[in-house]
Each structure stands twice: as C-alpha cells, then as structure tokens.
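Chemist:
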Amino acid sequence: MKLLIIEDDRESADYLEKAFSEAGHTAHVARDGESGFALAETGDYDVLVVDRMLPRRDGLSVVSGLRAKGIHTPVLILSALGEVDDRVTGLRAGGDDYLTKPYAFSELLARVEVLSRRKGGPEVETMLRVGDLELDRLSHTVKRAGQTILLQPREYKLLDYLVRHAGQVVTRTMLLENVWEYHFDPQTNVIDVHISRLRSKIERDFDTPILHTVRGVGYMLKG
Amino acid sequence: MAVQLPAMMRSTATRLSALFVLLFMACALVLVFYMTALSARMMASQTRATIDEEVAELAAVYRHGGLPRLIRTLDRRSRQPGAYLYLVAARDGRILTGNVEALDPDLLDREGWTEKPFAYLRHGDSQAIRSGELNLRALLEGDDAHHAMAQVFMLPNGMAMLVGRDLGEPERLRDITRQAIVMALGIMGLGSLLIWYLVGRRGLMRVEKVSVATDRIMAGDLSQRLPVTSAGDEFDQLSNGINIMLGRIGELNEGLKNVADNIAHDLKTPLTRIRNRAEAALANHDDPEATRIALEQTIAESDQLIRTFAAILRISRLEAGNAIDDRTTVNLTEIAADVCELYEPAAEEAGGTLTCEVGAEPVMVCANRELVGQALANLVENALRHGTPEREPIAIGITLRKNDGQAVLTVADNGPGIPPAERGRVTERFVRLEESRSRPGSGLGLSLVKAVAQFHQGRLVLDDNAPGLAARLCLPLQPEGKKSAGKSA
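Protein chains in written order, with full-length UniProt numbering: chain A, 1 to 223; chain B, 1 to 489.
(1) Does B:VAL182 come out as helix, strand or coil in the three-state DSSP assignment?
(2) Which residues of chain A have a Cβ atom closer than 8 Å to the Cβ of B:ILE299, listed in chain order?
(3) Taking the alpha helix (DSSP H) that B:ILE95 falls in, what are its first and last residues?
(4) Count Cβ pairs between the stretch 43-55 of chain B and the stretch 147-157 of chain B that sit closer than 8 Å; are there 3 or more?
(5) Determine, for B:PRO270, whether the minimum Cβ-Cβ distance to residues of chain A falls below 8 Å.
(6) Does DSSP put A:PHE184 in a helix, in a strand, or in coil?
(7) Just the C-alpha distance for A:ASP8 and A:GLU177, rounded to the nearest angstrom, thanks.
(8) By the three-class DSSP mapping on this structure, what secondary structure does B:GLY397 have?
(9) Under 8 Å, Cβ to Cβ, is there at least one residue of chain A near B:ALA310?
(10) Counting Cβ pairs closer than 8 Å, one from the stretch 74-93 of chain A and one from the stretch 46-58 of chain A, do we hit at least three?
(11) State yes or no: is the beta carbon of A:ARG111 nearer than 8 Å to at least one beta carbon in chain B?
(12) For A:VAL88, return the contacting residues in chain B, with the cut-off set at a CB-CB distance below 8 Å.
(13) So, for B:SER447: in the same chain, excluding its five sequence neighbours on each side, which residues have a beta-carbon less than 7 Å away from its beta-carbon?
(14) B:PRO345 CB to nearest chain A CB: under 8 Å?
(15) Nearest-angstrom Cα distance between B:ARG369 and A:LEU108?
(16) Quick one: is B:THR410 buried, meaning 16 or more other Cβ sit within 10 Å of its Cβ, or exposed?
(17) Grab me the residues of B:VAL408's own chain with a C-beta within less than 6 Å of its C-beta, minus the 5 sequence neighbours each way, in chain order.
(18) Any idea what DSSP makes of A:MET166, helix, strand or coil?
(19) If you reduce the DSSP assignment to three classes, tell me which class B:GLU357 lands in.
(20) Would you kindly work out how many angstroms separate the C-alpha atoms of A:THR42 and A:LEU66, rounded to a whole number?
(21) Indicate the three-state DSSP secondary structure (helix, strand or coil) for B:ALA390 in the structure shown.
(22) Locate the alpha helix (DSSP H) running through B:PRO476, then write down its first and last residues.
(23) Below 8 Å on C-beta distance, what does B:ASP303 contact in chain A?
(24) Would you list, in chain order, the members of the stretch 174-191 of chain A that have their beta-carbon closer than 7 Å to a beta-carbon of chain B?
(25) Find the residues of chain A that neighbour B:GLY220, judging by a C-beta separation of less than 7 Å, and give them in chain order.
(26) What separation, rounded to the nearest whole angstrom, lies between the Cα atoms of B:ARG48 and B:LEU85?
(27) Taking the alpha carbon of B:ARG110 as the point to measure from, which residue in B:MET159, B:ASN276, B:ALA219 has its own alpha carbon closest?
(28) Taking its Cβ as the centre, do 16 or more other Cβ atoms sit within 10 Å of B:LYS450, making it buried, or is it exposed?
(29) Using a 10 Å radius around the Cβ and a threshold of 16 neighbouring Cβ atoms, would you call B:TYR343 buried or exposed?
(30) Which chain A residues are close to residue 498 of chain B, counting only those with a beta carbon under 8 Å from its beta carbon?
(31) Using the Cβ count rule (16 or more neighbours within 10 Å means buried), how would you classify B:MET35?
(32) Determine, for B:ALA377, whether the minimum Cβ-Cβ distance to residues of chain A falls below 8 Å.
(33) For B:GLU54, which of helix, strand or coil comes out of DSSP?
(34) Buried or exposed: B:SER45, going by 16 or more other Cβ atoms within 10 Å of its Cβ?
(35) For the alpha helix (DSSP H) that A:ALA38 lies in, which residues bound it at each end?
(36) So which residues on chain B does A:HIS140 lean against when the C-beta distance must stay under 7 Å?
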C-alpha cells in the first residue's frame with residue numbers, strides 16, 4: 001500500500017514513515033498543505049493521512065480541495081482536536097476517518113488498512129464468505145459449514161462489520177464507532193465481552209477458530 | 001475619595017447636564033421674550049382702542065359746539081386725574097390748552113397715530129395749561145418723562161390737537177415681567193448647577209468606585225466585585241453583569257488552576273512509573289522476555305495516560321461551554337437502550353445483571369448524542385467498577401422518567417454507595433475515594449458526567465439507593481411542539 005502522510009511535525013512524520021514501512025507499506029511525507037495537495041493531486045496514493053493543522057494550507061482545505069477536483073483517495077484526518085463536532089467537521093470536509101492525537105500506531109495502522117480496501121466503491125455483494133462462514137446480507141442469516149447460526153441483531157451487525165473487513169485488524173474503538181455508533185473510549189472490556197459472546201456462537205461447535213484476537217490491538221476475522 | 005473639579009468637568013454626566021441646562025435656558029428666554037412682546041402688543045392695541053373712544057367723544061363735541069367748545073371740554077378733561085393726555089397747540093408752539101408741557105415738537109407735524117410710544121412731560125397732576133400760558137418745548141435731560149401713545153389731528157385753523165394715553169401702567173407691567181423672568185432664570189440656573197453638581201458627583205463617584213475595583217481585579221484579585229447599590233439602575237445592571245462575568249472568569253480560572261495542579265499531581269505518578277520501568281528494562285536487556293513485558297506494560301500505561309489526557313481535555317472544553325455546538329433533538333430512551341445493550345454482557349460477565357426499564361415512549365431532549373451516551377456509559381462503568389456488593393451479585397438498573405420539565409436518567413446499583421459527605425467531592429477531577437484507589441480508573445468519570453450535565457443546562461445528582469448509589473443525570477426536556485426541530489447549529 002502506498003501512503004501519503006501530510007504532517008508538519010518532523011518527528012511524528014519520520015516516525016510514521018518508518019513505522020508504516022516496517023508494516024510493509026510505502027509512505028511519502030509532505031511537510032505542508034500546499035506540497036501535500038500537489039502530491040495528492042497525482043492520485044498515486046492508496047490512502048492519505050492528513051494532519052489538520054498544517055502550514056501554508058489547512059488540512060481540511062486540502063481534503064475539500066481534493067474532493068472538489070474529483071480525487072477520491074481515502075483520507076484519514078489526524079487531529080489534536082478531539083471534540084465531537086471537530087470530528088463532524090472533519091468528516092464533512094470529505095475525510096473518511098478521523099483519529100485524535102495522541103493515538104496508538106496500531107490503531108492508525110488498522111484504520112489505514114481498512115480505508116485502503118474501501119477504494120473499490122460501494123459494496124454490492126449480498127453474500128459474503130470468510131472461510132466456511134457465510135453471511136447473507138439480504139436475509140440477515142449466518143451459516144458456518146452449512147449450519148445456520150442464530151445471532152442477536154447487534155451480534156449480526158458486529159459480525160457483518162468483521163466479515164466486511166475480514167483479514168484486517170479492527171480495533172475496539174473501530175467496532176464501537178461502526179457497530180454502536182459512539183465515539184468514546186470505553187474503559188472496561190465491553191467490546192471484548194461482546195466479541196467473546198459472538199465467538200462462542202460462531203466457534204463453539206466448530207473445530208477451527210475464525211475470530212482471532214490480535215494482542216494489544218483488536219480482532220481479526222480470518223478463515 | 002475626593003472628587004476633583006477638573007475631573008468633574010470632564011465627566012460625561014457634567015457635560016450632558018450642562019448642555020441640557022443651556023438648551024433649556026435658551027428655550028425659556030425665547031419663550032419669555034415672545035410672551036412679553038405679545039403682551040406689550042396687546043396692551044398697545046387696548047390703549048389705542050381707549051384713545052379711539054375718547055377721540056370719538058371729542059369729535060362729537062367738536063361737531064356740536066365747534067372749536068371753542070372742544071377747547072373748553074379739553075380744558076376740563078385735562079384737569080381730571082387720569083392717564084389721558086390732551087394738547088392743542090398753535091403752529092408757533094403756543095399751547096391753547098392741555099396737560100402736556102413738553103414733547104418732541106415734530107410729533108405734531110404728522111396727522112394720525114404716533115408710530116411708537118413717545119416720551120412727554122406732564123404739566124403737573126390735575127392741572128391744565130391755560131391758553132397762552134406756556135409754549136410747547138422740547139424735552140430736556142432730567143425731565144421726569146413718561147411714555148405714551150397718541151393720535152394727532154390737524155384742526156382747520158392750523159392748530160394741532162393731540163389725544164393720547166399714558167403707557168405708564170403697561171410699561172411697568174413689562175418691566176415686572178422681565179424682572180420676574182431674570183429672577184426665574186437665575187434660580188433655574190442655580191438649581192441646575194446644584195442638581196448638576198450632585199448628579200454628576202454621584203455618578204462620578206460610582207464610576208470611580210468601579211474603576212478602583214477593576215484596578216484591583218486587573219492587579220490579579222479576581223475575588224473583587226463591583227459595588228451594587230439597591231437602586232437597580234443602569235449602573236447596577238452593568239455592575240451586576242460584570243460581577244457575573246467575573247464569577248464565571250473566576251470559576252474558569254479556578255478550573256484551569258485545578259487542572260494544572262491535578263495534572264502535576266496525578267500524572268507524575270504514572271509517568272515516573274513508566275520511566276522507571278523503561279530504565280529497568282534497559283538495565284537487564286539480556287532477558288528479551290522481561291524486556292517485552294516491560295514494553296507492553298509501558299504501552300498499556302501510556303494508553304491509560306492518553307485516555308486521561310483526552311478526558312481532561314474534554315471536561316475542560318465542556319466547562320468552557322463553547323466547545324461543542326452540535327446539538328440535536330435526541331431520544332434518551334434510545335440512548336439508554338443502546339448503552340444498556342452495550343454493557344449488559346459486561347455486567348453478566350461480572351456475575352451480575354444490568355436491567356433497563358425505560359419504556360417505549362420517546363423522551364426527547366436537545367443534546368449531543370455522543371456526549372450523553374458517554375456520560376451514561378461512564379455511570380454504568382462506574383457502577384460496574386465500584387458498585388459491587390460484598391456478598392451478593394451486582395444488580396444495576398437504568399431507569400428513565402420525566403419529572404418537572406426534566407428527563408431523569410438514573411443508574412442505580414446495590415453496592416456500597418458513597419457516604420453523603422463525600423458525594424459532592426467525588427465529582428471533582430481526580431478525586432477517588434480511598435476504598436476505590438486499588439481499582440483501575442482515572443478519577444475523571446464522574447467529573448465528565450457532571451460536565452456533560454452542566455453543558456446541557458442539567459445536573460448530576462448522587463443519591464442513596466439504600467443500599468448502593470443512585471446517580472441521576474437530569475437534563476431539561478425538549479419543550480413540546482419543538483420535537484421535530486432539527487440541528488440547532
């Protein structure tokens with residue numbers, strides 16, 4: 001995956017560049033809004049990571065400028081402003097995801113990887129498969145190895161999200177944001193409990209594990 | 001404090017009142033002169049009418065008895081006391097009869113009304129001048145002259161006759177009026193000066209009190225307040241407004257100071273721990289497993305610190321009151337059900353129960369869904385963490401009811417509760433009760449709930465659930481009829 005990081009703080013930018021390349025991605029760095037916009041305009045990148053406060057051109061203006069030019073590269077906005085309405089303005093400007101500083105790199109990596117997959121446009125598939133797990137998005141039924149599994153509505157929604165991002169790490173906050181649509185950081189293990197309930201339903205009667213815990217980061221559904 | 005006169009002259013109150021007084025005086029003067037002139041004109045026309053009557057009588061006498069009879073009549077009338085003037089003079093100035101001894105001789109050259117009041121000298125009281133006794137003379141300096149209006153007639157034999165009336169009375173009236181006016185203006189001027197001085201002085205003194213207080217505030221004493229009198233006037237309204245503002249600034253300042261103190265105090269411990277752990281890991285880097293564990297612990301601890309920072313920032317911005325302007329009409333029933341659904345498995349995991357009795361009826365408030373959701377989640381997490389009773393399983397209940405224009409969202413547990421004396425304190429930042437120090441937590445959960453409640457003009461009430469704690473989040477209900485209202489911002 002090829003990334004463009006638009007970030008003016010040298011140390012954070014260097015750190016991100018190094019960390020992304022260690023994770024097997026190519027990352028380019030632009031240090032201000034104008035040069036970042038010029039690079040992003042080429043459309044060469046899979047994901048843009050844009051800091052909100054940049055010299056010469058504000059991060060949000062870079063994003064809305066790109067969108068106005070018809071460039072739909074997924075954008076993750078990084079910001080030190082973490083309030084609810086900051087997130088809303090960031091997403092309204094054309095950002096696809098929003099992460100507040102300070103953040104864990106694993107969280108950023110997971111989100112960027114999810115964004116890079118989204119490039120294909122709206123999902124039209126109604127039947128999703130991960131290994132021997134099948135999810136029918138029309139009838140809301142789930143089968144594993146041909147055997148129907150009964151899920152609660154929220155468990156279905158959780159599984160749907162995991163299936164759509166199969167093979168990718170999803171973090172607890174990503175789950176809370178996308179499945180429950182709340183953006184706070186739960187202090188207790190609420191998400192883990194929901195996952196373990198779901199896991200018991202989709203793994204208990206089967207031999208192979210399918211829902212994996214990624215230590216210190218989150219979960220991954222993988223057949 | 002002494003009020004200096006130059007300062008007083010500079011004050012707005014003084015300048016304004018001076019302007020008003022001047023304007024008022026000018027108006028009064030114009031009015032008075034107009035009235036005086038008007039009354040003088042009325043007097044003059046009255047005098048003319050009287051003279052006209054007299055002239056008509058004399059004309060009748062002349063018609064019946066000719067000149068000799070007219071002279072006789074005039075002679076008789078000149079002796080009567082009164083304001084009438086009579087004069088019949090020959091062309092050479094010889095007086096035939098009358099009671100006027102001296103006047104401007106030119107006056108007799110023109111027939112008809114004298115144009116304006118003229119000066120004359122009367123020949124003694126109740127005395128007539130006998131024919132040929134005196135010649136008409138011009139007025140001299142030192143004559144006791146009076147003013148009069150008169151009509152002049154030319155008699156056929158070249159003689160001139162004057163019939164007039166003394167203006168002594170109307171003249172005096174006008175003088176009295178003028179005197180009164182000057183007096184009144186003088187009194188008014190003095191009175192205005194007095195009022196001006198008192199009002200200006202009073203206003204100035206209050207302004208000075210205010211500036212003394214603001215000087216002290218600027219010097220850093222935020223506990224100072226502007227003086228408020230019982231008058232309730234504009235000054236008091238202004239002072240009240242500024243006092244409320246000062247109170248708010250003081251609170252924010254205090255909050256800021258507390259945050260700084262708390263950060264210094266409460267974040268130093270975990271930071272020191274992280275540092276020590278890193279140092280220890282560096283010291284025995286030969287053991288890769290120990291190093292890995294140390295690094296993982298460091299990350300976990302850093303994450304906790306990050307969370308604490310985020311919470312502090314959010315609380316501060318909520319308390320500043322202008323951070324978030326993204327409120328919509330939200331349904332508390334839905335939020336309560338969401339949060340309940342989110343935490344129910346966690347409660348079960350802990351061996352207890354989480355029940356939600358909110359009913360199906362929507363309860364609408366104007367709020368930020370995220371914030372209210374987080375506040376409720378914090379209350380539930382708090383209950384899960386601190387509300388477990390010693391011998392029985394934890395039972396948490398979420399209830400929602402409407403009460404007196406407020407939506408009351410209650411999270412109740414059956415745990416040890418919070419002693420009444422501590423209930424006010426636990427909502428302060430970083431305050432953790434002794435019993436809970438060993439359990440994880442930042443001491444910011446309830447502070448955030450309180451900040452969210454206050455941000456929405458609501459409040460957080462901590463009650464006894466006997467046993468346990470009942471934390472009530474009270475938010476003002478959306479007024480009826482506004483349920484369909486969209487975003488407020």
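We put the beta carbon where it would ideally sit given N, CA and C, even for glycine.
What you are looking at is a predicted structure, and each value in this text was computed from that prediction instead of being measured.
Modeler: Based on what the coordinates show:
(1) Stepping through the second sequence from its first residue, residue 182 of chain B is reached at position 182. Three-state result, B:VAL182: helix.
(2) Numbered from its first residue, the second sequence carries residue 299 of chain B at position 299. The answer, in chain order, is ALA104, GLY216.
(3) Numbered from its first residue, the second sequence carries residue 95 of chain B at position 95. Run containing B:ILE95: none in the alpha helix (DSSP H); it sits in the beta strand (DSSP E), 95-98.
(4) Yes, they touch.
(5) Looking up residue 270 of chain B in the second sequence gives position 270. Cβ-Cβ to chain A under 8 Å: no for B:PRO270.
(6) By 1-based counting over the first sequence, the position of residue 184 of chain A is 184. Residue state for A:PHE184 is assigned as coil, using DSSP reduced to three classes.
(7) Taking the first residue of the first sequence as position 1, residue 8 of chain A is located at position 8. Taking the first residue of the first sequence as position 1, residue 177 of chain A is located at position 177. One C-alpha to the other measures close to 28 Å.
(8) The count along the second sequence starts at 1 and reaches residue 397 of chain B at position 397. The three-state secondary structure of B:GLY397, taken from DSSP, is strand.
(9) The residue labelled residue 310 of chain B in the question sits at position 310 within the second sequence. Closer than 8 Å to some Cβ of chain A, the Cβ of B:ALA310 qualifies, so yes.
(10) In this structure the stretch 74-93 of chain A lies against the stretch 46-58 of chain A, because at least three pairs of beta carbons, one per stretch, are closer than 8 Å.
(11) Start at 1 with the first residue of the first sequence, and residue 111 of chain A comes out as number 111. It does not; no Cβ of chain B falls within 8 Å.
(12) One-based indexing of the first sequence puts residue 88 of chain A at position 88. Under the 8 Å cutoff, chain B gives ASP326.
(13) Numbered from 1 along the second sequence, position 447 holds the residue referred to as residue 447 of chain B. Once the five neighbours on either side are set aside, the close Cβ partners of B:SER447 are ILE315, THR427, GLU428, ARG429.
(14) As a working note, residue 345 of chain B is residue 345 in the second sequence. When Cβ-Cβ separations below 8 Å define contact, B:PRO345 makes contact with chain A.
(15) Translated into positions along the second sequence, residue 369 of chain B becomes position 369. Translated into positions along the first sequence, residue 108 of chain A becomes position 108. Distance between the alpha carbons of B:ARG369 and A:LEU108: 25 Å.
(16) Within the second sequence, numbered from 1, the residue matching residue 410 of chain B stands at position 410. By the Cβ neighbour-count rule, B:THR410 is buried, with 16 or more other Cβ atoms within 10 Å of its own.
(17) For the purposes of this step, residue 408 of chain B is taken as residue 408 along the second sequence, with counting starting at 1. Answer for B:VAL408: ARG401, ARG472, CYS474, listed in chain order.
(18) As a first step, residue 166 of chain A must be located in the first sequence, where it is residue number 166. First, the residue type needs correcting, since residue 166 of chain A is Ala and not Met in the sequence shown. Coil.
(19) Indexing the second sequence from 1 puts residue 357 of chain B at position 357. The DSSP-derived three-state label of B:GLU357 is strand.
(20) If you number the first sequence from 1, residue 42 of chain A lands on position 42. If you number the first sequence from 1, residue 66 of chain A lands on position 66. One C-alpha to the other measures close to 10 Å.
(21) By 1-based counting over the second sequence, the position of residue 390 of chain B is 390. First, the residue type needs correcting, since residue 390 of chain B is Glu and not Ala in the sequence shown. The DSSP-derived three-state label of B:GLU390 is coil.
(22) As a first step, residue 476 of chain B must be located in the second sequence, where it is residue number 476. Looking at the DSSP string, B:PRO476 is not in any alpha helix (DSSP H); the run it does join, the beta strand (DSSP E), is 469-476.
(23) If you number the second sequence from 1, residue 303 of chain B lands on position 303. Chain order gives the chain A residues near B:ASP303 as ALA104, where near means a beta carbon separation below 8 Å.
(24) Listed by position along the chain: TRP180, TYR182, HIS183, PHE184, ASP185, PRO186, GLN187, THR188, ASN189, VAL190.
(25) Within the second sequence, residue 220 of chain B is the residue found at index 220, counting from 1. From the beta-carbon of B:GLY220, no residue of chain A is found nearer than 7 Å; the closest lies around 30 Å away.
(26) Here residue 48 of chain B is taken as the residue at index 48 of the second sequence, counted from 1. Here residue 85 of chain B is taken as the residue at index 85 of the second sequence, counted from 1. So the two alpha carbons sit approximately 13 Å from each other.
(27) Stepping through the second sequence from its first residue, residue 110 of chain B is reached at position 110. Residue B:MET159 is the option with its Cα nearest to B:ARG110.
(28) Here residue 450 of chain B refers to the residue found at position 450 of the second sequence. Buried, by the Cβ-count rule.
(29) Translated into the one-based positions of the second sequence, residue 343 of chain B becomes position 343. Buried is the call here.
(30) Not covered by the structure: residue 498 of chain B. The range shown for chain B is 1 to 489.
(31) On the second sequence, residue 35 of chain B is found 35 positions in, with the first residue counted as 1. With fewer than 16 Cβ atoms within 10 Å of its Cβ, B:MET35 is classed as exposed.
(32) Here residue 377 of chain B refers to the residue found at position 377 when the second sequence is read from its first residue. Answer yes: the Cβ-Cβ gap between B:ALA377 and chain A drops below 8 Å somewhere.
(33) The sequence position of residue 54 of chain B within the second sequence is 54, counting from 1. Residue state for B:GLU54 is assigned as helix, using DSSP reduced to three classes.
(34) Walking along the second sequence from the start, residue 45 of chain B turns up at place 45. B:SER45 is exposed by the Cβ-count criterion.
(35) To locate residue 38 of chain A, count along the first sequence from 1; it is residue 38. A:ALA38 -> alpha helix (DSSP H) spans 33-41.
(36) Within the first sequence, numbered from 1, the residue matching residue 140 of chain A stands at position 140. For a Cβ distance threshold of 7 Å, nothing in chain B lies close to A:HIS140: the least Cβ distance comes to about 17 Å.
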